[in-house]
Amino acid sequence: MAQEVDPVKTARLFEFYVRRIWPLQRRFAAGRLNRRCTQCGASEKMLPLDASGVCSACVEQRAKGLPPRRAPDAALQAELNAVLAAAQGSGRGRYDALVMFSGGKDSSYLVQRLKNEHPRLRLLTCTVDNSFMSPVAKRNIDEILPRLDVDHVFIRPHRGFYVQLFRHAITHLNAEGSYGTVDFSDGEFMLDAARNLAAEKAIPLIICGYSRYQVENGLGLHHYESPREQERRPRTETAGLRLQDIFPHEADRRLWWQGQTDPAVDVPRLLFPLYAWDLEEAEIKRQVVQWGLISAKDQSPIVTNHRLIPLLGVVDVHQFGYSSFENEFCRMIREGKAEREPWQHTFEFLEYTAKTGLFVKPLVLDLLQQLDLRAEDVGVRFA
Ligand SMILES: [Zn+2]
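In this note's numbering, the protein residues as written are 167 to 549.
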């Protein structure tokens, strides 16, 4: 087997370069890069820019103003609270709730708050290991779990399953790029794996730490609970791709949620408490630091993310001109929730390095090899 390129070392090198070298070098590379919105950093390939270099989303926001901050919905929160309170001791097995745990701040916050507010809710936390987890994310999980002091399991499907999924997804990108195809199908499988585990262990609730934005925009739901009819439905496709086309073997397709057509049999309820709690990111961060779960030092999403991220970024740049992960950051910048300059430098440098191959090339080639793909299969050609 080929020597793996160290992904964490490459990520740190990338970050160092973005911080220290790119701010100087970018002036000389400008001619080779797409223009970006002066307000939010969006690439001209993402949104049209006007004559003064401002994108259409920023122009629209300037005209309409930022949407007013939503007032907390006390009725919705009380309703959720009642569901959680009633679930305590309700499981027929050893647990009442299966909580998705990634080791990040949102899921850490979720577990601790559930423990504080519903101490008799018997929790099993679970992490789905997609074979491409960052070693830094794994280390975080090992560090935080003892502090949360909860039962935990890893769900670890065989590697070949994920290789088939990611290989198919990255070669069949939908209009939302790798974010809406590879990352989205990964997230859907994560929930399906939890549905299966909860059903097997007779756990009545599945609790997931997606933010309100993720629930509304990622899942298209407008409530803290996924509708029961939807939870009963068997899975046949993910991110617009048919499972039949991705997995030739029935056994692999059956790792997805098979649904429940027998009305006499209940299915686990899927809840997103952060939808109802609707907290600012800063508040969650403050609280997890105060609870001693996570240190105040910011951890870069680049080192904690999915190991395929550099490959996804490079493939997106070659196919769309920018990375599909940029959309969300540009939105946060427009809403004043993230700083423009560091993110713009990150995206610019990604664009540059995706075109030149500068030090991400070995990593990208290695990741492609792990998926049994060649650069031309994903439309990548380094200059
Ligand atoms: Zn803009």
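Think of the CB as a built atom: it goes at the ideal place given N, C-alpha and C, for glycine as much as any other residue.
Asked                                                                                                                                                               : Found
V381 to R398, Cα distance in whole Å?                                                                                                                               : 19 Å
If E391 and L357 are in contact, beta carbons under 8 Å, what's the gap, nearest whole angstrom?                                                                    : Not quite, the Cβ-Cβ distance comes to about 13 Å (not below 8 Å), so this is no contact.
Can you give me the C-alpha to C-alpha distance between E507 and H388, rounded to a whole angstrom?                                                                 : 33 Å
Determine whether the beta carbon atoms of L363 and I321 lie at a separation below 8 Å.                                                                             : yes
Mind reading off the beta-carbon distance from A335 to A405? Whole number of angstroms is fine, and I expect it under 8 Å.                                          : 6 Å
Which residues count as close to ligand 1 when the rule is a CB under 5 Å from any of its heavy atoms, in chain order?                                              : C203, Q205, C206, A208, C221 and C224
What are the complete beta strand (DSSP E) segments, minimum 3 residues, inside the stretch 424 to 458?                                                             : 435 to 437
Which of the three DSSP states, helix, strand or coil, is assigned to M266?                                                                                         : strand
Have a look at L280 and A263 and give me their C-alpha separation to the nearest angstrom.                                                                          : 10 Å
May I ask you to report which of helix, strand or coil DSSP gives L179?                                                                                             : helix
Buried or exposed: which applies to I187, given that a residue is buried once 16 or more other Cβ atoms fall within 10 Å of its Cβ?                                 : exposed
Counting only the same chain and skipping the five closest in sequence on each side, list residues whose C-beta sits under 6 Å from that of G545.                   : H484 and Q485
Could you have a look at L537 and say whether DSSP puts it in helix, strand or coil?                                                                                : coil
Along the chain, where does the beta strand (DSSP E) that runs through T293 open and close?                                                                         : L289 to V294
Round the Cβ separation of D444 and P238 to the nearest angstrom and send it over; I've been treating them as touching at under 8 Å.                                : 7 Å
Is F491 closer than 8 Å to Y345 when the C-beta atoms are compared?                                                                                                 : yes
Taking one C-beta from the stretch 220 to 240 and one from the stretch 510 to 530 each time, how about it: are there three or more such pairs within less than 8 Å? : no
Sorted by chain position, which residues of the same chain lie with C-beta nearer than 6 Å to G523's C-beta, five sequence neighbours on each side aside?           : F548
Helix, strand or coil for I369? Go by DSSP, reduced to three states.                                                                                                : coil
Is S273 buried or exposed, if buried means 16 or more other CB atoms sit within 10 Å of its CB?                                                                     : buried
Considering just the uninterrupted stretch of the alpha helix (DSSP H) at I321, what are its terminal residues?                                                     : Looking at the DSSP string, I321 is not in any alpha helix (DSSP H); the run it does join, the beta strand (DSSP E), is D317 to I321.
Under the assumption that L213 contacts A229 (Cβ atoms under 8 Å), give the Cβ distance between them as a whole number of angstroms.                                : Rounded, the Cβ-Cβ distance is 15 Å, inconsistent with contact.
Buried or exposed for T176, please, with buried defined as at least 16 other CB atoms from any protein chain shown within 10 angstroms of its CB.                   : buried
With a CB to CB cut of under 8 Å and the five nearest residues on each side skipped, what residues in its chain are close to D543?                                  : T337 and L534
Could you tell me whether the stretch 365 to 382 touches the stretch 253 to 268, where touching means 3 or more Cβ pairs closer than 8 Å?                           : yes
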